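J.:
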Amino acid sequence: MTHYPESSVFLRKLRWEYPRITHGKGSWVYDDTGAAYLDACGGAFVSNLGHGVAEIADAMAAQARKLAYVSGMTLTNTAVEEFAAELVKLAPGDLDKVYPLSSGSDAVEAALKLARQYWAELGQPSKQKLVALTPSYHGNTLLALSASAREHYKTLYKGWLVDVVRAPAYEADALAHATDRTGAEHIAAGIIEPVRGSSPGAIVPPTWYLRCVRERWGKHKILFIPDEILCGAGRTGTWSALEPDNVAPDIQVLGKGIAAGFAPLAVVIAPTRIVDVFAQGSGALLHAQTFSHHAVSCAAGTATLRYLAKHKLVERCAQMGTKLHESLRSLRGLPHVGPIRGRGLLAGVELVDDASTSAPFPRALHVAETLTRVALDKGLIVWPNVGHANGTDGDLVMLAPPFVVTDDEIDQIVQRLGDAIATTVKQLSVRT
Ligand SMILES: Cc1ncc(COP(=O)(O)O)c(C=O)c1O
């Protein structure tokens, strides 16, 4: 185990004992003592192909030997051209231009800036406000954080954040009132997670919701930006999480699983009808980052897309997702297990003080954190989230195993999670 201050790394948590991982294979990672951990959340919803996939590593090495990097300012490169051409074949609606960046926050930031610049280029600079839902998470850079409704991340930076028009998640009337109050002539774009990620715990909207928002925003000229950083790239059993709702975005953002963790990669995808406005106007998107259009990251992206297609892994994600959600039913009825939900290989399991009312535990008990530690010590990696119930209280863990997860591994995930919940509840009742 590694901890602060013994390590030279500025660790993300300074009061946490970290297993030191040396390698991984499939759904498993291994630490320097040889202990095995079942990666039930693909790291942070990232390792969609599982660990240690030689084909992706080989494609990246081959690209790095040929060309690792040139600046997208003056040169394009064959790796980014190839990646974009493959990705647009999968993109919903008329999206056909790919802008690769490194992280989900980068992509959200760029997409929101793109929306504002678009209206400015069209001679409507007053269309600059953004709409977002509560709860939601869109990233941690300042504009993406402004759009997010994660108060514990925002409080300290309040003075640095911009005002965003807000409505409660998946309440269409409240959203319509919020945009009407502001006036569509002041709104550039709205950003919505089509299946909400870790902040509320894999909540799927009613089927009419996205269609209703899409139609209304189309009419009022508010750009519709689905944030598919977490739920896209196949994670919910379809390439785009919008597919079941049959709606098309104006601008889409993807990240996390797009290169399956082999490289930091995220993308903004826009249609020619929007990009052409820039081409006829100022000639460029003002957002710029050194590592956009990176050749090795894009080679990892292309190799990931090909691997997914070759092994039919998005279809497999849908099938194994059904198995996961069936297996998770066995946890219902266990003490303190609340709602369980999700789609595809994405699931959220809530832990509640009172299962009959879904009343949350008091935050001071740190239930989600304790459960995550207990699970880790039992060789199971899950993703904790807190605060979804009222901004402070609320404990849940998320599951997002690799698409290559086997039946037996799903059984192990559910069994280990059940054991970890039982142990956590026992520890808590000793403490309370
Ligand atoms: C829906 C959503 N959008 C954006 C982000 C930000 O991505 P990143 O952490 O790669 O910056 C995340 C990260 O969890 C996310 O879940």
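Mapping of the sequence shown onto my numbering: residues 7 to 438, in sequence order.
Using N, Cα and C, we set each Cβ at its ideal position, and we do this for glycine too.
Source: prediction; values computed, not measured.
At what residue ranges does the stretch 158-239 contain a whole run of the beta strand (DSSP E), taking only runs of 3 or more?
T.: Runs of the beta strand (DSSP E) inside the stretch 158-239: 171-174, 193-198 and 229-234.
J.: Does DSSP put Asp251 in a helix, a strand or coil?
T.: Translated into positions along the sequence shown, residue 251 becomes position 245. In this structure, Asp251 counts as helix in the three-state DSSP scheme.
J.: Can you find the residues in the same chain that come closer than 6 Å, C-beta to C-beta, to Tyr24, ignoring five residues on each side of it along the sequence?
T.: Position 18 of the sequence shown holds residue 24. Once the five neighbours on either side are set aside, the close Cβ partners of Tyr24 are Thr8.
J.: Should Glu115 be listed as close to ligand 1, given that the test is whether its C-beta is under 7 Å from any heavy atom?
T.: Working through the sequence shown from its first residue, we reach residue 115 at position 109. No; taking the cut-off as 7 Å, the Cβ of Glu115 has no heavy atom of ligand 1 nearer than that.
J.: When we look at the beta-carbon of Gly165 and count the other beta-carbons within 10 Å, is it buried (16 or more) or exposed?
T.: In the sequence shown, residue 165 corresponds to position 159, counting from 1. Answer is exposed; the Cβ neighbour count stays below 16.
J.: Which of helix, strand or coil does DSSP assign to Val283?
T.: Translated into positions along the sequence shown, residue 283 becomes position 277. Note: Val283 maps to helix in three-state DSSP.
J.: Just curious, the alpha helix (DSSP H) that Gln258 is in, first and last residue?
T.: Locating residue 258 in the sequence shown gives position 252, counting from the first residue. Premise fails: Gln258 lies in the beta strand (DSSP E), Gln258 to Leu260, not in any alpha helix (DSSP H).
J.: Looking at Gly145 and Gly110, is the spacing between their C-beta atoms short of 8 Å?
T.: Here residue 110 refers to the residue found at position 104 when the sequence shown is read from its first residue. Here residue 145 refers to the residue found at position 139 when the sequence shown is read from its first residue. Yes, they are a contact pair.
J.: Give me, in chain order, the residues of the same chain whose beta-carbon lies closer than 8 Å to that of Ala63; leave out the 5 immediate sequence neighbours on both sides.
T.: What you label residue 63 is simply residue 57 of the sequence shown in a count that begins at 1. Cβ neighbours of Ala63 beyond the five flanking positions: Phe268.
J.: Using 8 Å as the cut-off, can you tell me whether the stretch 87-102 makes contact with the stretch 150-162, which would need three or more C-beta pairs spanning the two stretches below that distance?
T.: Taking 8 Å as the limit for Cβ pairs, the verdict is that the stretch 150-162 does not touch the stretch 87-102.
J.: Check the C-beta distance from Val410 over to Leu334 and give it rounded, since I have them as a contact under 8 Å.
T.: Numbered from 1 along the sequence shown, position 404 holds the residue referred to as residue 410. Numbered from 1 along the sequence shown, position 328 holds the residue referred to as residue 334. Between Leu334 and Val410 the Cβ distance is about 19 Å, and since that is not below 8 Å, they are no contact.
J.: With respect to the alpha helix (DSSP H) encompassing Met326, which residues constitute its N-terminal and C-terminal limits?
T.: Numbered from its first residue, the sequence shown carries residue 326 at position 320. Its alpha helix (DSSP H) spans residues Leu319 to Leu334.
J.: Is any heavy atom of ligand 1 found at a distance shorter than 7 Å from the C-beta of Val387?
T.: Against the sequence shown, residue 387 aligns to sequence position 381. According to the sequence shown, residue 387 is Ile rather than Val. Flag unset: Cβ of Ile387 not near ligand 1.
J.: In this structure, how does DSSP classify Lys31 when only helix, strand and coil are distinguished?
T.: Translated into the one-based positions of the sequence shown, residue 31 becomes position 25. Three-state DSSP puts Lys31 in a strand.
J.: Within its chain, find whatever has a CB closer than 6 Å to the CB of Val431; leave out the 5 residues flanking it on each side and keep chain order.
T.: On the sequence shown, residue 431 is found 425 positions in, with the first residue counted as 1. Hits under 6 Å: Pro341 and His342.
J.: Taking only the alpha-carbon atoms, compute the straight-line gap between Ala180 and Pro174 and give it to the nearest angstrom.
T.: As a first step, residue 180 is located in the sequence shown; it is residue number 174 there, counting from the start. As a first step, residue 174 is located in the sequence shown; it is residue number 168 there, counting from the start. Approximately 7 Å, taken between the alpha carbons.
J.: Below 8 Å on the Cβ atoms is my guess for Val52 versus Ala266; work out the distance and round it to an integer in Å.
T.: Within the sequence shown, residue 52 is the residue found at index 46, counting from 1. Within the sequence shown, residue 266 is the residue found at index 260, counting from 1. Sure, about 7 Å apart at Cβ, within 8 Å.
J.: Should Gly99 be counted as a contact of ligand 1 given a C-beta to heavy atom distance under 7 Å?
T.: Residue 99 sits at position 93 when you count from the first residue of the sequence shown. No - ligand 1 has no heavy atom lying nearer than 7 Å to the Cβ of Gly99.
J.: Starting from Met404, follow the beta strand (DSSP E) in both directions and report where the run begins and ends.
T.: Here residue 404 is taken as the residue at index 398 of the sequence shown, counted from 1. Residues Asp401 to Leu405.
J.: Let me make sure I understand the geometry here. Which of Pro345, Pro200 and Ala46 has the alpha-carbon closest to that of Thr363?
T.: Translated into the one-based positions of the sequence shown, residue 363 becomes position 357. For Thr363, the nearest C-alpha among the options comes from Pro345.
J.: So is the beta-carbon of Ala272 under 7 Å away from any non-hydrogen atom of ligand 3?
T.: Ligands present in the displayed structure are limited to ligand 1, and ligand 3 is not among them.
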